[in-house]
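The structure under discussion appears below in the form of structure tokens.
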Amino acid sequence: MSRPLQIYDLETGLETRASPFIGSRSDEILVNCEMSSGHPNIVGLGTTDKQVYLADLRSLEKVAVLRTKGTLQSFTFLDDGTFVHTFDANGFVYVFDVRGRKPQFVHQWCDQACTGGTRIASSVNSSWIACGSDCGFVNVYQMTQTMMSSNPVPDKSIANVQTAIDSMAFHPASEMLCLGSSQMPAAVRLHRSLAASSAQSNMESSAGNNSANSGGLRPIAALVPYFTRVVVALTRFCPNNTADLESTDELRDFRDDVHDLMQDILGLVGAETIFVELYNHVQQLQMLAVSSNAQVTALEVLHEAEACLFMMTTVAKRLSPHDPEGYLSNLISGLVLPGLSAACPFPLQEVGCILYMELSHWAACHPQLRRQIVAQLIGIVEKAAGVEAPNLQPGQKLAVSAALSALGSLASVYRATPSGGPNGLTSAGSESLRTGLLDDHWQDLVQRVAYNLPRLAWVPVYDATNFFAGIGRGMISSIGSGGGGVDFDPNSSRQAFPSRLAQICSVSLECLDKLMTENIAITGTDTTTDPRVWLDYLAALFRTFGCFLRRLDDGGKQQLGTGTQSIGIREVGSLAQSAQTCLSESLRLVREVIWPVVARVLTFYSSRARHMEHTCRLIRFIVRCFSVHLRDLLPEIAEKIVVAYRTGGQHSSFLYLASVLVDEFGEQPDCRFGLVRVYEALGGPTLKLLDGPALSQNPHTVEDLYRLCTRLVQRCPVAFLTSEEVDFNELCNVAVRSLGLYCTGPGANDDITDTPSSNGDPQNNNSSSSASAAAARFLIDLLCFTGQASEVTPTQVAQIISSGGQLATPSCPSAMAAQRVLVWLIQPVSANGPEMIQCGGQRLVSAVIQACCLGISEERFPEMADILHQLNVMTKNELFLTWLNTAVTSLPILRADGLVHATMDQINDFKESIMKSSRSSTILQALSVFAVLFR
Numbered sequence: 001m002s003r004p005l006q007i008y009d010l011e012t013g014l015e016t017r018a019s020p021f022i023g024s025r026s027d028e029i030l031v032n033c034e035m036s037s038g039h040p041n042i043v044g045l046g047t048t049d050k051q052v053y054l055a056d057l058r059s060l061e062k063v064a065v066l067r068t069k070g071t072l073q074s075f076t077f078l079d080d081g082t083f084v085h086t087f088d089a090n091g092f093v094y095v096f097d098v099r100g101r102k103p104q105f106v107h108q109w110c111d112q113a114c115t116g117g118t119r120i121a122s123s124v125n126s127s128w129i130a131c132g133s134d135c136g137f138v139n140v141y142q143m144t145q146t147m148m149s150s151n152p153v154p155d156k157s158i159a160n161v162q163t164a165i166d167s168m169a170f171h172p173a174s175e176m177l178c179l180g181s182s183q184m185p186a187a188v189r190l191h192r193s194l195a196a197s198s199a200q201s202n203m204e205s206s207a208g209n210n211s212a213n214s215g216g217l218r219p220i221a222a223l224v225p226y227f228t229r230v231v232v233a234l235t236r237f238c239p240n241n242t243a244d245l246e247s248t249d250e251l252r253d254f255r256d257d258v259h260d261l262m263q264d265i266l267g268l269v270g271a272e273t274i275f276v277e278l279y280n281h282v283q284q285l286q287m288l289a290v291s292s293n294a295q296v297t298a299l300e301v302l303h304e305a306e307a308c309l310f311m312m313t314t315v316a317k318r319l320s321p322h323d324p325e326g327y328l329s330n331l332i333s334g335l336v337l338p339g340l341s342a343a344c345p346f347p348l349q350e351v352g353c354i355l356y357m358e359l360s361h362w363a364a365c366h367p368q369l370r371r372q373i374v375a376q377l378i379g380i381v382e383k384a385a386g387v388e389a390p391n392l393q394p395g396q397k398l399a400v401s402a403a404l405s406a407l408g409s410l411a412s413v414y415r416a417t418p419s420g421g422p423n424g425l426t427s428a429g430s431e432s433l434r435t436g437l438l439d440d441h442w443q444d445l446v447q448r449v450a451y452n453l454p455r456l457a458w459v460p461v462y463d464a465t466n467f468f469a470g471i472g473r474g475m476i477s478s479i480g481s482g483g484g485g486v487d488f489d490p491n492s493s494r495q496a497f498p499s500r501l502a503q504i505c506s507v508s509l510e511c512l513d514k515l516m517t518e519n520i521a522i523t524g525t526d527t528t529t530d531p532r533v534w535l536d537y538l539a540a541l542f543r544t545f546g547c548f549l550r551r552l553d554d555g556g557k558q559q560l561g562t563g564t565q566s567i568g569i570r571e572v573g574s575l576a577q578s579a580q581t582c583l584s585e586s587l588r589l590v591r592e593v594i595w596p597v598v599a600r601v602l603t604f605y606s607s608r609a610r611h612m613e614h615t616c617r618l619i620r621f622i623v624r625c626f627s628v629h630l631r632d633l634l635p636e637i638a639e640k641i642v643v644a645y646r647t648g649g650q651h652s653s654f655l656y657l658a659s660v661l662v663d664e665f666g667e668q669p670d671c672r673f674g675l676v677r678v679y680e681a682l683g684g685p686t687l688k689l690l691d692g693p694a695l696s697q698n699p700h701t702v703e704d705l706y707r708l709c710t711r712l713v714q715r716c717p718v719a720f721l722t723s724e725e726v727d728f729n730e731l732c733n734v735a736v737r738s739l740g741l742y743c744t745g746p747g748a749n750d751d752i753t754d755t756p757s758s759n760g761d762p763q764n765n766n767s768s769s770s771a772s773a774a775a776a777r778f779l780i781d782l783l784c785f786t787g788q789a790s791e792v793t794p795t796q797v798a799q800i801i802s803s804g805g806q807l808a809t810p811s812c813p814s815a816m817a818a819q820r821v822l823v824w825l826i827q828p829v830s831a832n833g834p835e836m837i838q839c840g841g842q843r844l845v846s847a848v849i850q851a852c853c854l855g856i857s858e859e860r861f862p863e864m865a866d867i868l869h870q871l872n873v874m875t876k877n878e879l880f881l882t883w884l885n886t887a888v889t890s891l892p893i894l895r896a897d898g899l900v901h902a903t904m905d906q907i908n909d910f911k912e913s914i915m916k917s918s919r920s921s922t923i924l925q926a927l928s929v930f931a932v933l934f935r
């Protein structure tokens, strides 16, 4: 177990680290930790595999193991500690009774319409349970309903976040649910729970009886009518009175502001209330359109209908996909589908396509209507194929772009639904289980959309990329063996996956091949003659295949008990065979079809930095997709990287790609030597490039270089640190200099003066901060490895070096690698001339102290504290005190006005806090307090 349990006592400040549990594997990683309220001494520890360890906090020993079928994503204890609910990547929830000495599996149910489970949470009163997914949807269930059915219907579906949910918590009173995603800034939402909604409904129903006594309704309920009037007023301000919305910047900006305002309104009064008001408004417009006594023209009705549909797009994602009242079905079948089928203005087409895109989860629950929607969207794209940009009608470009994005969104939702059989049983082999859009429309999507993209040169790359990304998500969802409410047979989808991948990639590969064979000149950015466009389409596909190997893993599909859905041994063997066939055919496609074209791109466009960046990005996604299964292709990839880096320009994207190769293949013994050879070819020229003032001018290169070095230290430290071709001293010296890249205070960056300042450029400052963080992480991992592998102490090394003796030959390669680091730390070398003789440890401590005091971002303080902590532990306070005294002495204590930044008492207190600290958190606090004095 690579991350053992560690306990921190808040009262005493003591840290306790448990030993790896008996029976645990060395590659297991603890990623989840939950405390049991009902049993204060029990803690649950979730792993990256398929199990949850229950441990006793008193003995720090394992007491039980809960095993699930799929890859564990999250788990939660009920408030009284009687049951544990685990949630896997396929959307299944497994319930365990932990009241006895041995936990018992008691029930299994599935999160409805789940595309990939991420997080589960239960309320404090154990009345509600919420399941979050990788598409941002959260389903909230009544706890009692989940225990009575294997496919419960959620009481509420929340879709306020568009990225994977990785954090959820109920309010202690169970009246609110907080959910968040780390993949987008500020992606945190608060929602009233069903209990609060029920209380509000009861209050509103008795408002007439209570208003005279209580003085009125609660504030939010009283404002609901006013909010609905605001929404209707906004609708009347949103009509598009021009034929081309693309050229109407003011209206588009206004609609963006309306969209943001609507999100705030929906958070207060709920999406259902607003949608019903808009739905009624649309019905009134329909009545006006057919009325003979109408006081408005048909064109005005059409414009206001377009505005009303736009307002619905701001609400649609928050609506339940089950549509129990049938409002959405009536709206789509009665208004949108017939309206877009006729000859309607392109702005109305655009808004209709956006509405389809927002209703992708609803469409997955209504396959009959979805077929009509997809046919309509494909028709919009197909009609525009071959039309030149000057001949486009007003608004047509935006309509086609929205249609492509809508197709991608619809294709990304792959759902399985049970079919009714005798006695209500589900027929696993029924075709009605296969309701994925790709199963119904694959040939149309490829032949009528993807193959037409070269004829749609004016389509924005962003929307076409969304189309390919949606196709990729749908493909990867179809090859899993569960999700969406039932288990289904993925064998047919796995059999079709390689051929589908070949078809969807063929258009990009053929266009790239044509550009290189005919040597077609690049006429502009984001045009069909720009190879980056076709590389991005391929990258969008493979980026969604990051969980490809996990989706093919059916090893955990074993019986958990009677009365639950289970897969027999014969079916498991069939799934394993289909997974192996899918993997081998996909690998053959990459080796024989995709890689030869990508390799030609690396050679043909090697002199163009941006093209190399996009090519390396594509290779990264392919490597992440297939991981060690691409081992046979690794030597050729490494060779192409080295040749392109040397001949076409030293672009940092090659360093980033090399770090990904190390991350995926570094733990394979037969690959380590070759990976170190790649660094030897790239590292030397890169360090020369960063010499002198160029260090501050290339922060991205610094970041990518030390990301590569960090992964080399983590994956293959011995081969890396013992290589004679690696200029280790220069590598560490540049890392020390990189710690102060972001410093802005007086006296900062003295070694890189006479360089242009980037203090006024926030983007450049962020790049420098990331570069500094990458260098710090490299030094931390380097010091950790040295402390664990060294056979001698730094003091012993210092004594031998000062006496002119020879260091003893280490007994193992790890100790030899650690000794090389100790020599750099201890042996004095000339830093900036003969008058500056300092060892590596002294320069490192001085760089850390100066960086913290002279302007580095406080976000980087934890890394700096870790460096000082590792040095302090390694040197046993002997050499470290000397280095710290010298570092503090070099600070600019005296200010320009004659005052001092810090008094001697403050300096002594700082040094004493550092020397007496037993953990990095204490050093972090001391650094924060001391740095304030210099700012």
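According to this note's numbering, the sequence shown is numbered sequentially starting from 1. No residue lacks a Cβ here, since even glycine has one placed at the ideal position from N, Cα and C.
Look up residue i in the DSSP assignment and give the residues it is bridged to.
i           : result
residue 62  : 55
residue 15  : 8
residue 122 : 129
residue 511 : In the DSSP output, where bridge partners are listed per residue, residue 511 has none listed.
residue 44  : 34 and 54
residue 191 : 177
residue 168 : 179
residue 107 : 95
residue 823 : Answer is none; residue 823 lacks a bridge partner.
residue 894 : 900
Can you tell me which of the three DSSP states residue i falls into?
i           : result
residue 160 : coil
residue 34  : strand
residue 114 : coil
residue 77  : strand
residue 505 : helix
residue 238 : coil
residue 67  : strand
residue 203 : Any reading at residue 203 needs caution, since the residue's pLDDT is 38, under 50, leaving its predicted position unreliable; the model's value is listed next. Correct three-state label for residue 203: helix.
residue 547 : coil
residue 94  : strand
residue 934 : coil
residue 886 : helix
residue 139 : strand
residue 21  : coil
residue 88  : strand
residue 726 : coil
residue 72  : strand
residue 315 : helix
So, under 8 Å CB-CB, residue i and residue j are touching, yes? Tell me the CB distance rounded to an integer number of Å.
i           : j           : result
residue 716 : residue 672 : 4 Å
residue 7   : residue 62  : The Cβ separation is near 15 Å, so there is no contact.
residue 131 : residue 93  : 7 Å
residue 878 : residue 809 : Actually they do not touch by this definition, with Cβ atoms about 24 Å apart.
Is residue i close to chain B? Criterion is C-beta to C-beta, closer than 8 Å.
i           : result
residue 894 : No chain B appears in this structure, which consists of one protein chain only.
The stretch 315-324 contacting the stretch 367-379, beta-carbon criterion three pairs below 8 Å: No: the two stretches stay apart, fewer than three of their Cβ pairs being nearer than 8 Å.
Sufficient close CB pairs (3 or more, under 8 Å) joining the stretch 511-524 to the stretch 494-503: A contact is defined here as three or more CB-CB pairs under 8 Å, and the stretch 511-524 fails this definition with respect to the stretch 494-503.
Jot down the residue ranges of each uninterrupted alpha helix (DSSP H) in the stretch 336-400, minimum 4 residues, whole runs only, in chain order. With a minimum length of 4 residues, the continuous alpha helix (DSSP H) runs that stay inside the stretch 336-400 are 337-341, 346-358, 360-364 and 367-384.
Under 8 Å: do the stretch 377-395 and the stretch 325-339 share three or more Cβ pairs, one atom per stretch? Three or more beta-carbon pairs separated by less than 8 Å are not found between the stretch 377-395 and the stretch 325-339, which leaves the two stretches without contact.
Counting pairs of beta carbons, one from the stretch 890-907 and one from the stretch 805-823, are three or more of them closer than 8 Å? Below 8 Å, too few C-beta pairs join the stretch 890-907 and the stretch 805-823 to call them touching: fewer than three.
Is there contact here, the stretch 462-469 with the stretch 531-549, by at least three beta-carbon pairs under 8 Å? Remark: three or more beta-carbon pairs, one from each stretch, lie closer than 8 Å, so the stretch 462-469 and the stretch 531-549 are flagged as touching.
Taking 8 Å as the cut-off, does the stretch 98-109 touch the stretch 159-171 (at least 3 CB pairs, one atom from each stretch)? Three or more Cβ pairs closer than 8 Å define a contact, and the stretch 159-171 falls short of that threshold against the stretch 98-109.
Assess contact between the stretch 68-77 and the stretch 117-126, defined as three or more Cβ pairs (one per stretch) separated by less than 8 Å. Is contact present? As far as the Cβ criterion goes, the stretch 68-77 touches the stretch 117-126, which means the pair count is three or higher.
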